[in-house]
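Visitor: Numbering (the numbering used here), first residue to last: 64 to 616.
Ideal placement from N, C-alpha and C gives every residue a C-beta, glycine not left out.
One structure is given below, represented as structure tokens, and several questions about it will come after.
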């Protein structure tokens, strides 16, 4: 009966509490379950979340939704899933810049993955290993603060890059001095953790010189997608070579005029931005069928109403984030036998604990079932999100470890709570990916309807016809406004309410599925968080100082 009341939901999950709590009588509810848990709300919540996660969603056949179910609004990215200090750095940065938090959150993921690089990989199960590589792209028109947001996200890694270049300059000065004294040595090469604009061959050369791995930062990814600009009409710049780097595979390039390039693990994370119109051209048949676009995590928030903000990023947040990224970057690869050596170092392999592996298995099953009802292109993009669950979980795990999170039981295994946080974030990416692919394929009429929905949503999800035509100049009369709102009602996007359905008090209201759900994030409330921060602020870093190694070394 309750399910029937959810007639505007896309799907529901009906859970059976007796699957977890034995001895419940018919009609028992959460109050009864709480007695079974001796009043422990945290234990109840944890078990209930796991039960919900493994319960398959049931679609709801609502005929009113069918015609417009492909239209949706951008939902805020769940920043609360990010571990500290990353969460505060994202939230404060977004407030200071005046941008959507996803504009910082996505490049931050790539930046953290680039800082970790080849030092770690994650094993989902025997035979399934994923590198720490994340490709991300924020989508927005010019003037939506993409560049400042990406700059804020990469500031900690750029600081390391600056330090590396300063060290290179010192080494170069010493080399020149040795030449003057007729002492011969090898010409120093600059160490890098980042690159910007480079061909695939130049990128591989840089990775060969920096086996830790790299991250490519492109303020505008449109130029990167133009693979043929260096090829003089030849197809040497195709996307296939770049896709190899997404999997951190062994790559070798033979060259006629110089030594071949051999990279045992070509690891490259990517981050950047792109404008919606350019993305529509990039998502052509070639790039879609190659799977290149499907490997990117996308965020396409609505353009914000820009205004002045006195908000600033707390210097303590900047310091904590810089310290964190430095610790991640100074991890080393494994050189211990029998799987590695000094000559052939390998990434440290992090596994999933039993609960995390079970949760991941349930996700893979339900995720693949959901893909069956999607279009080919959306299904292709969703298929890549499986690997992103464990990749993001690896990043979250290493961030928690480097931040001195005392709740980590086993540094060598990812826990279920970390894995479930990654799953929830990937669920958001699923919706955002589908929304973006839909936007690219929309006709002008559908785009206009979506523009109207977004505007009403920003007004709180409800407007009168008078407010509607005063707010949107295209509908410059009450009759034009009423006609458009009637169209939205006819296709099930909203409904009228008010004391007088035909009078001035009449109000149009968006159905819940077309409204964004803003979430508030309190990063400093719980006693647990306070304890963690006290541990971090005291300078504690567990058994992983800045120059860290794992236990098998």
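Hey, could you find the ends of the beta strand (DSSP E) residue 281 is sitting in?
Guide: Run containing residue 281: 277-281, per the beta strand (DSSP E) assignment.
Visitor: Could you tell me which whole beta strand (DSSP E) segments of length 3 or greater appear in the stretch 371-440?
Guide: The qualifying runs are 411-415.
Visitor: Taking 7 Å as the limit between beta carbons, can you name the residues of its chain near residue 209, skipping five residues before and five after?
Guide: Closer than 7 Å at the Cβ level, and outside the excluded window around residue 209, lie 166, 201, 203, 336.
Visitor: Drop a sphere of 10 angstroms on the beta-carbon of residue 280, count the other beta-carbons inside from all chains shown, and report buried for 16 or more, exposed for fewer.
Guide: It counts as buried.
Visitor: Would you report the Cα separation of residue 374 and residue 387, rounded to the nearest angstrom?
Guide: Cα to Cα, residue 374 sits roughly 23 Å from residue 387.
Visitor: Under the rule that 16 or more other beta-carbon atoms within 10 Å means buried, what is residue 163, buried or exposed?
Guide: Buried: at least 16 other Cβ atoms inside 10 Å.
Visitor: Distance, Cα to Cα, residue 343 vs residue 186?
Guide: About 35 Å.
Visitor: Pick out whichever of 533, 515, 577, 521 has its Cα sitting closest to the Cα of residue 617.
Guide: No answer is possible for residue 617: it lies beyond the span of the chain, which begins at 64 and ends at 616.
Visitor: Residue 179 and residue 310 look like a contact to me (Cβ under 8 Å); what is the Cβ gap, rounded to whole Å?
Guide: In fact, because the Cβ distance is near 16 Å, the residues do not count as touching under 8 Å.
Visitor: At which residue ranges does the stretch 447-484 contain complete beta strand (DSSP E) runs of 3 or more residues, listed in the order of the chain?
Guide: Those beta strand (DSSP E) runs which fall completely within the stretch 447-484 and span 3+ residues do not exist here.
Visitor: Out of 324, 441, 176, which has the shortest C-alpha to C-alpha gap to residue 334?
Guide: With distances taken between Cα atoms, residue 334 lies closest to 176.
Visitor: If you draw a straight line from the C-alpha of residue 417 to the C-alpha of residue 424, how long is it?
Guide: Approximately 11 Å, taken between the alpha carbons.
Visitor: Does residue 155 pass the burial test, meaning 16 or more other C-beta atoms within 10 Å, or should it be called exposed?
Guide: Counting Cβ neighbours within 10 Å, residue 155 comes out buried, since at least 16 surround it.
Visitor: For residue 237, count the other beta carbons within 10 Å of its own beta carbon; 16 or more makes it buried, fewer makes it exposed. Which is it?
Guide: Burial call: exposed.
Visitor: Taking Cβ to Cβ, would you say residue 571 is nearer than 8 Å to residue 503?
Guide: Result no, Cβ atoms of residue 571 and residue 503 do not sit closer than 8 Å.
Visitor: Give the single residue among 103, 561, 79 whose Cα lies nearest to the Cα of residue 92.
Guide: Comparing Cα positions, the closest option is 79.
Visitor: Within 10 Å of its beta-carbon, does residue 435 have 16 or more other beta-carbons around it, so buried, or fewer, so exposed?
Guide: Classification for residue 435: exposed.
Visitor: Are there any heavy atoms of the ligand ATP lying less than 7 Å away from the beta-carbon of residue 150, as far as the coordinates show?
Guide: In terms of ligand content, the structure shown is empty, and the ligand ATP therefore cannot be addressed.
Visitor: Give me the Cα-Cα distance between residue 192 and residue 415, rounded to the nearest whole angstrom.
Guide: Taking the straight line joining both Cα atoms gives about 11 Å.
Visitor: With H, G and I counted as helix, E and B as strand and the rest as coil, what does DSSP make of residue 188?
Guide: Residue 188: strand per DSSP, three-state reduction.
Visitor: Quick check on residue 220: buried or exposed, where buried means 16 or more other Cβ atoms within 10 Å of its Cβ?
Guide: By the neighbour-count rule (16 or more Cβ atoms within 10 Å), residue 220 is buried.
Visitor: In the DSSP assignment, find the beta strand (DSSP E) that holds residue 362 and state where it starts and stops.
Guide: Taken as a continuous stretch (DSSP letters only), the beta strand (DSSP E) holding residue 362 covers 360-362.
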